[in-house]
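Q: Here the protein sequences line up with chains R and Y, keeping their order. Position one of the first sequence corresponds to residue 74 (this note's numbering), numbered consecutively onward. Position one of the second sequence corresponds to residue 548 (this note's numbering), numbered consecutively onward. Cβ atoms here follow ideal geometry from the backbone N, Cα and C, with glycine treated the same way.
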Amino acid sequence: MFYILGYLFSFLIGFLAINKVTENNQFPLILKYILGMGLGLLLSGQITFYSLLLCNQIQPVLIIVIHIILISFLIFNGSPRWWSLDHRRGGPSVIPILIYLIILSALILTASFFPYGGWDAWGIWNLKARFIFLGGTQWRNMLDPALFQTSNHYPFLWPLMNVWIWCFGKSAPTYIPLVSSLTYAIGLPLLLGFGLYTTTKHKLSFLPAFLFALLPLYQLLSISQYADVLIAFFLLAVFIFFHLSLEQKSSSLFFLTGIFCGAMSFIKDEGLASTILISFLVLILIAINQNFSNRKLKIIGKFLLGVFLTFLPALIFQFFIRPASLQFENGLISKTNPSSLFRLAIILRYYAAEFLSIKWQGIWIIILCGILFNLKKIKTVPSYTLIVGFTVLYMMTLTANYFINTHIPLIFWLVSSVNRLILSLIPPLLFLIFHGILSKSTDKKDCGIN
Amino acid sequence: MKNPKETLIKIFIAAVIIVTCINAITLAADTRRRLRQNSPFAFYGEAFFPLRDILKGESRIGYITDQDFKDAGPMLRYLQIQYALAPIIVDTKNFNQHFILLNCADQKIALSILQKFNLKPLKRNSFGVILAENLNH
Chain R
74 MFYILGYLFS FLIGFLAINK VTENNQFPLI LKYILGMGLG LLLSGQITFY SLLLCNQIQP
134 VLIIVIHIIL ISFLIFNGSP RWWSLDHRRG GPSVIPILIY LIILSALILT ASFFPYGGWD
194 AWGIWNLKAR FIFLGGTQWR NMLDPALFQT SNHYPFLWPL MNVWIWCFGK SAPTYIPLVS
254 SLTYAIGLPL LLGFGLYTTT KHKLSFLPAF LFALLPLYQL LSISQYADVL IAFFLLAVFI
314 FFHLSLEQKS SSLFFLTGIF CGAMSFIKDE GLASTILISF LVLILIAINQ NFSNRKLKII
374 GKFLLGVFLT FLPALIFQFF IRPASLQFEN GLISKTNPSS LFRLAIILRY YAAEFLSIKW
434 QGIWIIILCG ILFNLKKIKT VPSYTLIVGF TVLYMMTLTA NYFINTHIPL IFWLVSSVNR
494 LILSLIPPLL FLIFHGILSK STDKKDCGIN
Chain Y
548 MKNPKETLIK IFIAAVIIVT CINAITLAAD TRRRLRQNSP FAFYGEAFFP LRDILKGESR
608 IGYITDQDFK DAGPMLRYLQ IQYALAPIIV DTKNFNQHFI LLNCADQKIA LSILQKFNLK
668 PLKRNSFGVI LAENLNH
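#1: Looking at L293/R and the ligand SAM, is the gap between the Cβ and the nearest heavy atom below 7 angstroms?
#2: Considering only their Cβ atoms, is the gap separating F392/R from F588/Y smaller than 8 angstroms?
#3: From R422/R to S430/R, what distance separates their C-alpha atoms?
#4: Exposed or buried, which one is T479/R when buried takes at least 16 other CB atoms within 10 Å?
#5: Applying a beta-carbon distance threshold of less than 9 angstroms, which residues of chain R neighbour T573/Y?
#6: Counting only runs of 4+ residues fully inside the segment 462-508 of chain R, write out the alpha helix (DSSP H) ranges in chain order.
#7: Going by the beta-carbon positions, is the gap between Y475/R and I420/R smaller than 8 angstroms?
#8: Classify R579/Y as helix, strand or coil using the three-state DSSP reduction.
#9: Are there 16 or more other CB atoms within 10 angstroms of the CB of L441/R, so buried, or fewer, so exposed?
#10: Interface residues of chain Y around F504/R at Cβ under 7 angstroms?
#11: Pick helix, strand or coil for N570/Y, following the three-state DSSP scheme.
#12: Just to confirm my understanding: we take L483/R, look at its own chain, exclude 5 residues before and 5 after, and list those with CB closer than 8 angstroms. What are they?
#13: For C442/R, go through chain Y and note every residue whose CB falls closer than 7 angstroms to its CB, in chain order.
#14: Contact defined as beta carbons within less than 8 angstroms: I believe Y291/R pairs with L496/R. What is the distance between those atoms, to the nearest angstrom?
#15: Verify the CB distance criterion: does D516/R have a CB-CB separation below 8 angstroms to chain Y?
#16: One question on the structure: do I176/R and I259/R come within less than 8 angstroms of each other, judged by their Cβ atoms?
#17: By the three-class DSSP mapping on this structure, what secondary structure does V355/R have?
#18: I want to verify the contact list: residues of chain R whose CB lies under 9 angstroms from the CB of P634/Y, in sequence order.
#19: Consider the Cβ of S606/Y: report whether some Cβ of chain R lies at a distance smaller than 8 angstroms.
#20: Could you tell me whether the Cβ of F642/Y comes closer than 8 angstroms to any Cβ of chain R?
#21: Can you tell me which of the three DSSP states P668/Y falls into?
#22: Enumerated in chain order, which unbroken segments of the alpha helix (DSSP H) with a length of 4 residues or greater are wholly contained in the segment 362-391 of chain R?
#23: Round the Cβ separation of I359/R and F365/R to the nearest angstrom and send it over; I've been treating them as touching at under 8 angstroms.
#24: Does the distance from the C-beta atom of L399/R to that of P218/R stay below 8 angstroms?
#25: For the putative contact between Q203/R and A633/Y, defined by C-beta atoms under 8 angstroms, what is the C-beta separation to the nearest angstrom?
#26: Touching or not, the segment 489-506 of chain R and the segment 453-464 of chain R, by the rule of three or more beta carbon pairs under 8 angstroms?
#27: Who does L649/Y pair with in a DSSP beta bridge?
#28: Does W195/R come within less than 8 angstroms of chain Y when only Cβ atoms are used?
#29: Taking A258/R as the query, report the chain Y residues whose CB atoms sit under 9 angstroms from its CB, ordered along the chain.
#30: At 4 residues or longer, what runs of the alpha helix (DSSP H) sit wholly inside the segment 192-227 of chain R?
#31: So, helix, strand or coil for V637/Y, using DSSP?
#32: Check this for me: beta carbons of C334/R and V311/R, under 8 angstroms apart or not?
#33: Please work out which residues of its chain come closer than 6 angstroms, Cβ to Cβ, to F82/R, disregarding the five sequence neighbours upstream and downstream, and give them in chain order.
#34: Hey, would you say I131/R sits closer than 8 angstroms to I249/R, going by beta carbons?
#35: Between the segment 238-246 of chain R and the segment 664-674 of chain Y, do at least 3 Cβ pairs fall closer than 8 angstroms?
#36: Looking at the unbroken alpha helix (DSSP H) that takes in E96/R, where does it start and where does it end?
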């Protein structure tokens, strides 16, 4: 019962932090709620990480006290409007809310059949969480080379988020990772729907969110307690905030874009790649955007500051904690397991089969058609350019990884990972397509590159 | 005549609505099937939670199996045992530990390992997995 306090504290930190940063911006309350929960759990995980480093074990009282101090600070130094937020009329009708409730019920029902989640949940993420929470000062045992099968070289923000909630009790109940997973599983379609609604005010804004969330494969993967749903959530948040930052020409929104961008780096290796790729693309897009002629340095500074703040744990992990990966063999120089063009052909053929697979129920064909509708805008609207540019670079990075690392049997690796990794790309692409179709403002000069 | 692009967009949105409805129907059918079966995913590791009381104070135990880790089944069983016993390291390489878990499909092999390593069996669960004490340790 006390565990609910953990989620409440996280929500308050996230909500108040977003409220503080966006106090001078037009920002709907509902998005603050959705992002508050997502960002709050992330910040709680990072606070838990720093306290773990400081005390070399989990000290629940210390972590809870830090949370209370932070919440008090944000209440007393935050936006004076925090208690009387804009309750503007004109929100969505009751139908989308009802459909979201149906989606949530389906997620809960599906999750109840997999209380321990999927393979990576008990084999990697929740296993790490148990080592951290139950291991005391021996928590570093999870990095032991003997545990190479558990991907001991992976970052551990997702386990830390669950450890934080466990701090409100003495045991490590298995339903907490499930509840945390559900939070992001419902948060992602909510963010997509309300993100589109905020930027377009169109009644069809929720359609792509329902298309995505009602996909049986999404339901299954999102409740598997894997870290991929977190990557998808923060990836979408980055693109929505980048769009809003440009629309409102707000440096504080660029700061939040950076926060969400850096957040992915400590979740998993694909997240780290995403952070680097997006940072690189955002810097280029700001540099060539003529709307910020004399504010470019300030905007870049704010964005990079945001990235740095949430990227720091990943840096500490990469340089001081991460054990060497025993699951890597460089196929470019290996004589026993060399990479070959045949390997590349298998990867590309697998992609083709995956994108056309019936399990996606035609969603990739819809995405392809949607992109064709928006081809012109992709060149002129920076947020669209960012999404497409990222998708292309991300797929190239994934392919390079599959091609170069010949340690893991290729087919097994492709079958067990490609669907999870490309799932994260769907919400941003749907955002692009439907924003392009439903919005009338994207043709305006202020959003594009002149 | 209306703008052809607008017509195409209308067709596109109609297609998305149809696919969304198909998704909803498929999801409902999947959920109904699961409810009918009414059997949650069996977690092999659950049977090993009680061992934590016996192994209190241990930071590492050995794990011997006659199965190949290249197959998904043996790996799944090992990882679920590791999950259940965490924060104890279940070591598949170093058997010089006070306690050893023997997970053998063939009980004759299990017996020969017990003799070879001078192990004293302490417990055997419903899956045939034996917790043994290493008398040489």
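A: Short version:
#1: Questions concerning the ligand SAM fall outside what the structure shown contains, since it holds no ligand whatsoever.
#2: To locate residue 588/Y, count along the second sequence from 1; it is residue 41. To locate residue 392/R, count along the first sequence from 1; it is residue 319. No, they are not a contact pair.
#3: Mapped onto the first sequence, residue 422/R falls at position 349. Mapped onto the first sequence, residue 430/R falls at position 357. Cα-Cα distance, rounded: 12 angstroms.
#4: Numbered from its first residue, the first sequence carries residue 479/R at position 406. T479/R comes out buried.
#5: Your numbering for residue 573/Y matches position 26 in the second sequence. What T573/Y touches in chain R: L287, L288, P289, Q434.
#6: 483-496
#7: Locating residue 475/R in the first sequence gives position 402, where the first residue counts as 1. Locating residue 420/R in the first sequence gives position 347, where the first residue counts as 1. The answer is yes: Cβ separation under 8 angstroms.
#8: Working through the second sequence from its first residue, we reach residue 579/Y at position 32. Of the three classes helix, strand and coil, the one that applies to R579/Y here is helix, per DSSP.
#9: Walking along the first sequence from the start, residue 441/R turns up at place 368. The residue in question, L441/R, is exposed, as its Cβ has fewer than 16 Cβ neighbours within 10 Å.
#10: The residue you call residue 504/R lines up with position 431 of the first sequence. In chain order: nothing, as chain Y lies at least about 14 angstroms away.
#11: Position 23 of the second sequence holds residue 570/Y. Of the three classes helix, strand and coil, the one that applies to N570/Y here is helix, per DSSP.
#12: For the purposes of this step, residue 483/R is taken as residue 410 along the first sequence, with counting starting at 1. Taken in chain order, the residues that qualify are R416, I419, I420, Y475.
#13: Here residue 442/R corresponds to residue number 369 of the first sequence, with the count starting at 1. Here the neighbours are F559.
#14: Along the first sequence, one-based indexing puts residue 291/R at 218. Along the first sequence, one-based indexing puts residue 496/R at 423. The Cβ separation is near 7 angstroms, so the contact holds.
#15: By 1-based counting over the first sequence, the position of residue 516/R is 443. Any reading at D516/R is ruled out, since the residue's pLDDT is 47, under 50, leaving its predicted position unreliable.
#16: For the purposes of this step, residue 176/R is identified with residue 103 of the first sequence, where counting begins at 1. For the purposes of this step, residue 259/R is identified with residue 186 of the first sequence, where counting begins at 1. Result yes, Cβ atoms of I176/R and I259/R sit closer than 8 angstroms.
#17: Counting from one through the first sequence, the residue named residue 355/R turns up at place 282. For V355/R, the secondary structure class from DSSP, reduced to helix, strand or coil, is helix.
#18: Indexing the second sequence from 1 puts residue 634/Y at position 87. The contacting residues are R203, F204, I205, F206, L207, G208, G209, Q211, W212, N214, M215.
#19: For the purposes of this step, residue 606/Y is taken as residue 59 along the second sequence, with counting starting at 1. Using a Cβ-Cβ cut-off of 8 angstroms, S606/Y counts as an interface residue toward chain R, since at least one Cβ of chain R sits closer than that to its own.
#20: As a position in the second sequence, residue 642/Y is number 95, starting the count at 1. It does not; no Cβ of chain R falls within 8 angstroms.
#21: Here the question's residue 668/Y lines up with position 121 in the second sequence. Strand at P668/Y.
#22: 369-389
#23: Locating residue 359/R in the first sequence gives position 286, counting from the first residue. Locating residue 365/R in the first sequence gives position 292, counting from the first residue. Rounded to whole angstroms, the Cβ separation of I359/R and F365/R is 7 angstroms, and the two are in contact under 8 angstroms.
#24: Counted from its first residue, the first sequence places residue 399/R at position 326. Counted from its first residue, the first sequence places residue 218/R at position 145. Yes, they are a contact pair.
#25: Along the first sequence, read from residue 1 onward, the residue named residue 203/R stands at position 130. Along the second sequence, read from residue 1 onward, the residue named residue 633/Y stands at position 86. The sequence given here has Arg at residue 203/R, not Gln. That belief holds up - the Cβ atoms of R203/R and A633/Y are roughly 4 angstroms apart, short of 8 angstroms.
#26: By the C-beta criterion, the segment 489-506 of chain R is judged to be in contact with the segment 453-464 of chain R, since at least 3 inter-stretch pairs fall below 8 angstroms.
#27: Sequence index remark: in the second sequence, residue 649/Y carries index 102 (1-based). L649/Y is bridged to I611/Y, I677/Y.
#28: By one-based count along the first sequence, residue 195/R stands at place 122. So, interface residue.
#29: Start at 1 with the first residue of the first sequence, and residue 258/R comes out as number 185. Under the 9 angstroms cutoff, chain Y gives no residues; its nearest Cβ is about 13 angstroms from A258/R.
#30: 199-207
#31: For the purposes of this step, residue 637/Y is taken as residue 90 along the second sequence, with counting starting at 1. It is a strand residue.
#32: Within the first sequence, the letter at position 261 stands for residue 334/R. Within the first sequence, the letter at position 238 stands for residue 311/R. For C334/R and V311/R, yes; Cβs fall inside 8 angstroms.
#33: Taking the first residue of the first sequence as position 1, residue 82/R is located at position 9. Correct list, in chain order: H140.
#34: Within the first sequence, the letter at position 58 stands for residue 131/R. Within the first sequence, the letter at position 176 stands for residue 249/R. Taking 8 angstroms as the Cβ cut-off, I131/R and I249/R do not qualify as a contacting pair.
#35: no
#36: The count along the first sequence starts at 1 and reaches residue 96/R at position 23. First-last for E96/R: undefined, no H or E at that position.
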